[in-house]
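One structure is given below, encoded as structure tokens.
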Amino acid sequence: MTMSFFTLPLAFGACSVNILSFFKRETGSMAQQYQPGQRWISDSEAELGLGTVLAQDGRLLTVLYPATGETRQYALRNAPLTRVRFSPGDVITHFENWKMTVREVDDVDGLLVYHGLNAQNEVVTLPETQLSNFIQFRLATDRLFAGQIDQLSWFSLRYNTLEHTSRQLQSSLWGLGGVRAQPIAHQLHIAREVADRIAPRVLLADEVGLGKTIEAGLVIHRQLLSGRASRVLILVPENLQHQWLVEMRRRFNLQVALFDAERFMESDAGNPFEDTQLALVALEWLVEDEKAQDALFAAGWDLMVVDEAHHLVWHEDKASREYSLVEQLAEVIAGVLLLTATPEQLGQDSHFARLRLLDPNRFHDLKAFRAESENYRPVAQAVQELLDKGKLSAEAQKTIHGFLGAEGDSLLAAVNTGDDEAKARLIRELLDRHGTGRVLFRNTRAAVQGFPERKLHQYPLPCPVEYLELPVGEHADLYPEVSFQSQSEVSEEERWWRFDPRVDWLIDTLKMLKRVKVLVICAHAETAMDLEDALRVRSGIPATVFHEGMNILERDRAAAYFADEEFGAQVLICSEIGSEGRNFQFSHHLVLFDLPSHPDLLEQRIGRLDRIGQKHTIELHVPFLETSPQARLFQWYHEALNAFLNTCPTGNALQHQFGPRLLPLLESGDDDEWQSLIDEARTERERLESELHTGRDRLLELNSGGAGEGEALVKAILEQDDQFSLPIYMETLFDAFGIDSEDHSENALILKPSEKMLDASFPLGDDEGVTITYDRNQALSREDMQFITWEHPMVQGGMDLVLSGSMGNTAVALIKNKALKPGTVLLELIYVCLLY
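So for the sequence shown, full-length UniProt numbering puts the first residue at 1; every next one is plus one.
Spelled out as structure tokens, the structure:
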């Protein structure tokens, strides 16, 4: 016997073989004569144990598996069964658990009878009908001895699965490339930098629109896949729960469990939080429910993510209940991610409050932090000079020398000669000594390229008489259509959209734009649904609606209908809450049918289209009713906050400062008083924006942006997207498990379970079938399609089924080669190295 040992870092197993067993295999076929009582084992479900033939009826074979009590029926033509036939020298087990060594095997009317010696060296006989039902052949050696030889296609699938698994686990892109989003450099840099730390404790403080939620999702996803975290707690404001739920599920395929008072009370579990690995909890509910708090602490978590952390109130002498609760959790949870506004927006004291949650030992003294920040300011200015001019003035060199000491002098000298490597080293040295350099990541729009311009179109319209007669109420005149409909029962002919000039304007605008995709956002779901009725009844323009009363599947269908270029809707009408977590940047026309009462909500609306990667200028269309609160609110946002044409990082502060005066003046008020408010707010905004610009820390921005590392990741992900290895592998996987695939459209397939589906546990996602795409751009515009990457649960689950089973770990081939002596046997062993 000639043996060839082929060793790889991947392995199926090793075996010592009686080679004659290769040729003793009997497989189920039409030619095979089945007899009741014969013992067979399932090739596809080895875990069922030893099977017993019950009956052969026509073209069907019935087999009982006593170990599990299950019965299977197979087509005689292709039954996936292997006859169990032991050979002399094998040790076999009786169903009463005594063992014997086989000496002879007789065939009596198609049933095997084994003769041999038991443990006491006594001669015994064991009919195959009395074999132990719990015999399984899972190891390569056991299956080889039993004659369970698999088809070459299964052997190749198993080998390829191991290769792909090994390659992905070693890839620097693992956990970063599978998100349903365009790869963006600064997001990928932050995600890899943070996720590769053990128990990261960081502050994500990018400006609005730069994707803090995606950064957090990438960190969560990569930590879960790498095993650095297995249990994640996400704390968010109540109004952001559904946005997070949609983002995590649709973008990252993370099945997050949303907890509220109802779910918590209805759970039968001792601790409901222990039933899930990913929990999404509203902070407002949690602070009010002490029982839920106790359960949360007892559940144990590896990573905590807190969104809108700047709303946690803290002062030196007192902290809010929300802040105190997060502080207690941060003491017992190793990893903490805080998502917050930029430090410049927060102010120094509020920024310190966030940092002490991450590292209370390092940030324990507010006065010391203020002094340290003040001392660092000249260093930041010196870095600004270095980045802007490429060299340092004498004053800047003196500042850095005072910060680094004599050890930095050689670097300074090299920098002044134009040495780029020395410049990079100097920046790293300064960053390492920066008080928050490794815990704070903050990017600004000024530092990140790729945002579109905005163009504002305003449409003042006459206020109808019907609205002038409405009673005064909270925001009643901002959303008069809601107040009108709630007054009393109105007939079809009296509905608000029959006389509101904004509806006439909308119809005319859509007709003018023809088939251009238009997103319409309004404050209330009722308004959105009424507008859909209006467009259908009055114009016939294809429209669809999107609001919080719809489930996720219904929203996906609406989004897909809107995205379809050929047969889809021209307009998608969203409510305020319904549009959260969705991006429609394939459109660039946004109609603000009404205006929200807070600038942050206005920015969220515009952010549905104004994102990195938007290829067109954002066309903002704002109709409003003249001489109404709507007109004044438009003036407030446009003239005071400049919130339409630019992001408004000062909006929250200005709203807090001027809000008490603003709201009464919206309803009524002297024109001079109103203009005075506009002028004051504009002056304050300009002052705050100047402070924000002056306070920019270019060193932090450089660190947060990645200095080219993020761009390299983007390039690698796009190159991976262009490879065909995944579609080729998945077609092989689908064929092996009996999943039918057929063309849906360009770059899209429909998957359905076939009648020959091998394993019902295959993670198809839907028993009725799913639509998939391997194309990232297609997935971004069609959220009803599954975006298949190496990280997708369907891919990972399918690979797990291959590797956790035994199919494919043995195979036999015949070789015709004159260089080999007839009868030569070559044995190839493929080893798998597993680390535990």
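Note that beta-carbon positions come from the ideal geometry of N, C-alpha and C, so glycine has one too. All values derive from a computational prediction rather than experimental measurement.
Could you check whether the region 444–453 touches the region 609–619, counting it as contact only if at least three pairs of C-beta atoms, one from each stretch, sit closer than 8 Å?
yes
Given a cut-off of 8 Å on the beta-carbon distance, is the pair ARG103 and LEU81 in contact?
If you number the sequence shown from 1, residue 103 lands on position 103. If you number the sequence shown from 1, residue 81 lands on position 81. The answer is no: Cβ separation not under 8 Å.
Own chain residues within Cβ distance below 7 Å of GLN635, not counting five before or after
As a first step, residue 635 is located in the sequence shown; it is residue number 635 there, counting from the start. Cβ neighbours of GLN635 beyond the five flanking positions: ILE678.
Of the listed residues PHE484, ALA79 and LEU64, nearest to GLN33 (C-alpha basis)
Residue 33 sits at position 33 when you count from the first residue of the sequence shown. Nearest of PHE484, ALA79 and LEU64 to GLN33, Cα basis: ALA79.
Using DSSP with H/G/I as helix, E/B as strand and the rest coil, what is LEU358?
Taking the sequence shown and counting its residues from 1, one reaches residue 358 at position 358. Three-state DSSP puts LEU358 in a helix.
Alpha carbon to alpha carbon, what distance is there between GLY797 and GLU746?
One-based indexing of the sequence shown puts residue 746 at position 746. One-based indexing of the sequence shown puts residue 797 at position 797. So the two alpha carbons sit approximately 26 Å from each other.
Where ASP57 sits in the DSSP three-state scheme:
Counting from 1 along the sequence shown, the entry for residue 57 is found at position 57. DSSP places ASP57 in strand when its eight states are reduced to three.
Option nearest LEU76 by Cα separation, candidates GLY58, GLU45 and ARG438
Translated into the one-based positions of the sequence shown, residue 76 becomes position 76. When each option's Cα is compared against that of LEU76, the closest is GLY58.
Give me, in chain order, the residues of the same chain whose beta-carbon lies closer than 6 Å to that of LEU535; leave out the 5 immediate sequence neighbours on both sides.
For the purposes of this step, residue 535 is taken as residue 535 along the sequence shown, with counting starting at 1. Answer for LEU535: ILE541 and ALA543, listed in chain order.
Between ALA295, ASP142 and VAL482, which has its C-alpha nearest PRO272's C-alpha?
Reading the sequence shown from its first residue, position 272 is the one you call residue 272. The candidate whose alpha carbon is nearest that of PRO272 is ALA295.
Give the list of continuous alpha helix (DSSP H) stretches no shorter than 4 residues that lie fully inside the UniProt domain "Helicase C-terminal" (502–656).
525–538, 552–563, 599–606 and 629–635
Reference VAL179; option with closest CA among GLY708, LEU718 and GLY765
By one-based count along the sequence shown, residue 179 stands at place 179. The residue with the shortest Cα to Cα distance from VAL179 is LEU718.
Tell me the residue span of the beta strand (DSSP E) that contains GLY116.
Within the sequence shown, residue 116 is the residue found at index 116, counting from 1. Unbroken beta strand (DSSP E) run through GLY116: 111–118.
Can you look up GLU104 in the DSSP assignment and give me helix, strand or coil?
On the sequence shown, residue 104 is found 104 positions in, with the first residue counted as 1. Residue state, collapsed to three classes: strand.
For ALA563 versus ARG782, is the C-beta distance shorter than 8 Å?
Counting from one through the sequence shown, the residue named residue 563 turns up at place 563. Counting from one through the sequence shown, the residue named residue 782 turns up at place 782. Yes, Cβ-Cβ distance for ALA563 and ARG782 is below 8 Å.
What are the partner residues of PRO127, as DSSP defines its beta bridges?
Locating residue 127 in the sequence shown gives position 127, counting from the first residue. PRO127 is bridged to VAL113.
How close, in whole Å, do the beta carbons of PHE737 and MET757 come, if the pair is a contact with beta carbons under 8 Å?
In the sequence shown, residue 737 corresponds to position 737, counting from 1. In the sequence shown, residue 757 corresponds to position 757, counting from 1. The Cβ separation is near 7 Å, so the contact holds.
In three-state DSSP terms, what is ILE333?
For the purposes of this step, residue 333 is taken as the residue at position 333 of the sequence shown. Looking at ILE333 - three-state DSSP - the assignment turns out to be coil, as it is neither helix nor strand.
Comparing alpha-carbon positions, which option in ALA819, TYR831 and LEU801 lies nearest LEU157?
Position 157 of the sequence shown, counted from the start, is the residue given in the question as residue 157. Cα-wise, what sits closest to LEU157 is LEU801.
Can you tell me the Cα-Cα spacing of GLY549 and LEU240, whole angstroms?
For the purposes of this step, residue 549 is identified with residue 549 of the sequence shown, where counting begins at 1. For the purposes of this step, residue 240 is identified with residue 240 of the sequence shown, where counting begins at 1. Roughly 15 Å between the two C-alpha positions.
How long is the line joining the alpha carbons of HIS364 and ARG356, rounded to whole angstroms?
Position 364 of the sequence shown, counted from the start, is the residue given in the question as residue 364. Position 356 of the sequence shown, counted from the start, is the residue given in the question as residue 356. In a straight line, the C-alpha of HIS364 is about 6 Å away from that of ARG356.
To the nearest angstrom, how far is it from the Cα of VAL313 to the Cα of ASP349?
Translated into the one-based positions of the sequence shown, residue 313 becomes position 313. Translated into the one-based positions of the sequence shown, residue 349 becomes position 349. When rounded, the distance between both Cα atoms is 11 Å.
Beta-carbon within less than 6 Å of TRP40's beta-carbon, same chain only, minus the 5 sequence neighbours each way: which residues are those?
Here residue 40 is taken as the residue at index 40 of the sequence shown, counted from 1. Same-chain partners within the cutoff: GLY51, LEU81 and ARG83.
Check this for me: beta carbons of ALA528 and TYR479, under 8 Å apart or not?
As a working mapping, residue 528 is identified with position 528 in the sequence shown. As a working mapping, residue 479 is identified with position 479 in the sequence shown. No.
SER267 by DSSP, collapsed to three states: which one?
On the sequence shown, position 267 is the one that residue 267 refers to. Correct three-state label for SER267: coil.
Indicate whether the contact test is met: 3 or more Cβ pairs, each with one atom in the region 672–689 and one in the region 159–167, closer than 8 Å.
no
Own chain residues within Cβ distance below 6 Å of LYS423, not counting five before or after:
Along the sequence shown, read from residue 1 onward, the residue named residue 423 stands at position 423. These residues qualify, in order along the chain: VAL415.
Close beta carbons around LEU10, own chain, < 7 Å, minus the five adjacent residues each side:
One-based indexing of the sequence shown puts residue 10 at position 10. In this predicted model, LEU10 has a pLDDT of only 33, less than 50, meaning its place in the structure is not dependable; the value taken from the coordinates is given anyway. Excluding positions up to five away in sequence, the list reads LEU162, GLU163, SER166, ILE830 and VAL832.
How many Å lie between VAL17 and LYS818 at the Cα?
For the purposes of this step, residue 17 is taken as residue 17 along the sequence shown, with counting starting at 1. For the purposes of this step, residue 818 is taken as residue 818 along the sequence shown, with counting starting at 1. Any reading at VAL17 must be qualified, since the residue scores a pLDDT of 34, below 50, and its modelled position is unreliable; no value is offered.
Here's a check: name, in chain order, each residue in its chain whose Cβ is nearer than 6 Å to the Cβ of LEU325, leaving out the five neighbours to either side.
Numbered from its first residue, the sequence shown carries residue 325 at position 325. Excluding positions up to five away in sequence, the list reads VAL287.
With a threshold of 8 Å on Cβ separation, who are the neighbours of LYS24 within its own chain once the five nearest residues in sequence on each side are excluded?
Within the sequence shown, the letter at position 24 stands for residue 24. Residue placement at LYS24 is flagged as unreliable, the pLDDT there being 40, under the threshold of 50; the coordinate-derived value follows with that caveat. Contacts found: ARG85, SER87 and GLY147.
Taking the runs of the alpha helix (DSSP H) that are 4 residues or longer, which of them lie wholly in the region 239–306?
241–246, 261–266, 283–288 and 290–299
ASN361 and HIS792 - do their beta-carbons sit closer together than 8 Å?
Walking along the sequence shown from the start, residue 792 turns up at place 792. Walking along the sequence shown from the start, residue 361 turns up at place 361. Taking 8 Å as the Cβ cut-off, HIS792 and ASN361 do not qualify as a contacting pair.
Backbone CA spacing between TRP174 and VAL219 [nearest angstrom]:
Position 174 of the sequence shown, counted from the start, is the residue given in the question as residue 174. Position 219 of the sequence shown, counted from the start, is the residue given in the question as residue 219. Going from the Cα of TRP174 to the Cα of VAL219 covers about 11 Å.
Can you give the beta carbon distance from LEU633 to LEU601, rounded, assuming they're within the 8 Å contact cut?
Position 633 of the sequence shown, counted from the start, is the residue given in the question as residue 633. Position 601 of the sequence shown, counted from the start, is the residue given in the question as residue 601. Not quite, the Cβ-Cβ distance comes to about 12 Å (not below 8 Å), so this is no contact.
Three-state secondary structure (DSSP) at THR93?
Looking up residue 93 in the sequence shown gives position 93. The answer is strand: DSSP assigns THR93 an E or B state.
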